[in-house]
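One structure below.
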Amino acid sequence: MSRVLYIAYYAAYVPLYAGFFFHRCHRYPPWHYSPSYTLFLIVLAGGLAIPPLLKFILRRTDRKAFMVSAAASAALALVAYLVAAAYYYYTQEHPFDPFLQVPPPAFDPASDVTPPGAVRILTLGGSTTRNTWLSEPEMYPSVLQRLLQERHPRQPIAVFNAGMEWYTTRHSLINYVSNMNSWQPHIVIIMHAINDLIRSFSDPDYAAGPYNRLWSHYYGPAIHGRRPPPFAVRLAAPFLEAWFSSIRIRSTDVPLERFVSIRDFERNLHTLVHYAQADGARVVLMTQPSLYKERLSTEEEAILWLGRLFCKEPAGPFRMHYPSARSLARAMSAYNATTRRVAEETGATLVDLAPAIEKSRENFADDVHYTVAGAARVAAVVANAIELQDLISTAD
């Protein structure tokens, strides 16, 4: 290889490798990378040896024979790639509900096994209600049922967890009106904020177009239905996202006015409460706890990911920005204030959960999702509020 080719190769490859090597190095030194990412860096470092290795091989082999062998290997690799791409295309399946994006928890009135005479409690919300990263007995609705049943041993109590990942107030509204009201719950517990807040943004990985008051711009888990990722992108995406990520993707303080979905959050919440109350249910509105606060420890900041993953927007040809934890803390306070106002205006029971759950790693696994201890504390606060309002005894 000529000197010019050497220089051109390393001028391109060294910045490429450096981008991966210094991935978020301001927080995680290279020796703290995950084993899989460390292996990736080691394999990628092999590219630095390609020019001298190629030069060594060409000096000791017939150039024509080497080129034929290299062409055959490249053709074989291309065939393997095309076969893998075809397999990927024909085996990809993304479960999808035309109205709710993610299929809701299954409920069929014909196969309802709720005990006769039971007080039926329905919990609506997003992933903080569903709690799928915990085992079912550890989820807050399951713990809530046990606590209430212990306090009312002669009264059967059934809690149906109708929360689901990605769900907003709009999802829960559709799910309740078209599905869960058939269960005829006596008590409907609603907790929303973070997923509605996220809809204020048009993250290019999950949204298409500017903000829409119906939130139809934000495809969320259905984005692959609109823009199915090519096989090459699917392979490279986890690594390309890491390239100079600490420089390309940065948090920034944004004003509260930027969280434009709050108006539609309030409208959806009002409507959901209206329909549940019209069906004769006692409605419980809960503010949503989070780890967000003005000052976070390094350990707390390290486990935050929702803003970075779902709220990033272009800030130039090379950069993306997303709301800082401080901005998200202020926004969550505003959305929770909206929940309090809706409870007051509709006469719903308010459980001010946000200040009742300490902002600590003991309670939170990340931005908003609970640990086992956190879910247990949520259930205890809700159970106490239900008892204080005497909702079980007055359920009709």
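First residue of the sequence shown: 9, per this note's numbering; consecutive thereafter. All residues carry an ideal CB built from backbone N, CA and C; glycine is no exception. Note that the structure is a prediction, hence the values are computed from the model and not measured.
Between which residues of its own chain and residue i is the CB-CB distance below 8 Å, once the five residues before and five after are set aside?
i           : result
residue 342 : 264, 267 and 270
residue 155 : 387, 388 and 391
residue 353 : 278
How many Å lie between residue i and residue j at the Cα?
i           : j           : result
residue 66  : residue 91  : 31 Å
residue 186 : residue 379 : 32 Å
residue 286 : residue 375 : 34 Å
residue 229 : residue 214 : 7 Å
residue 332 : residue 303 : 11 Å
residue 334 : residue 240 : 37 Å
residue 41  : residue 49  : 10 Å
residue 36  : residue 329 : Any reading at residue 36 must be qualified, since the residue scores a pLDDT of 46, below 50, and its modelled position is unreliable; the value itself is stated next. Residue 36 and residue 329: Cα-Cα distance of roughly 20 Å.
residue 315 : residue 338 : 13 Å
residue 202 : residue 217 : 21 Å
residue 384 : residue 207 : 29 Å
residue 80  : residue 199 : 60 Å
residue 369 : residue 135 : 18 Å
residue 257 : residue 326 : 9 Å
residue 132 : residue 99  : 33 Å
residue 78  : residue 29  : 29 Å
residue 211 : residue 222 : 16 Å
residue 11  : residue 45  : 32 Å
residue 189 : residue 93  : 44 Å
residue 183 : residue 17  : 56 Å
residue 59  : residue 143 : 52 Å
residue 280 : residue 181 : 5 Å
residue 108 : residue 122 : 25 Å
residue 85  : residue 310 : 39 Å
residue 225 : residue 282 : 26 Å
Cβ of residue i within 8 Å of Cβ of residue j?
i           : j           : result
residue 140 : residue 149 : no
residue 178 : residue 276 : yes
residue 170 : residue 113 : yes
residue 110 : residue 174 : yes
residue 491 : residue 25  : Outside the modelled stretch of the chain, which goes from 9 to 404, sits residue 491, for which no answer is possible.
Keeping to the same chain, check which residues put their C-beta closer than 6 Å to that of residue i; ignore five residues upstream and five downstream.
i           : result
residue 38  : The predicted model places residue 38 with a pLDDT of 44, which falls under 50 and marks its position as unreliable; any figure quoted below should be read in that light. If we look at residue 38 and ignore the five residues flanking it on each side, it has no Cβ neighbours.
residue 193 : 128, 130 and 289
residue 397 : 357
residue 394 : none
residue 367 : 299 and 301
residue 262 : 331 and 335
Please return the same chain residues whose Cβ sits closer than 7 Å to the Cβ of residue i, not counting the five positions on each side in sequence.
i           : result
residue 23  : none
residue 371 : 365, 378, 379, 381, 382 and 385
residue 323 : 329
Quick one: measure Cβ to Cβ for residue i and residue j, integer angstroms, because I've assumed they're closer than 8 Å.
i           : j           : result
residue 204 : residue 273 : 4 Å
residue 2   : residue 399 : It is not possible to answer for residue 2, since the shown part of the chain is limited to 9 through 404.
residue 284 : residue 196 : 4 Å
Which one of the options has the shortest CA to CA distance from residue i?
i           : options              : result
residue 19  : 56, 82 and 117       : 56
residue 300 : 16, 362, 256 and 355 : 362
residue 373 : 297, 344 and 321     : 297
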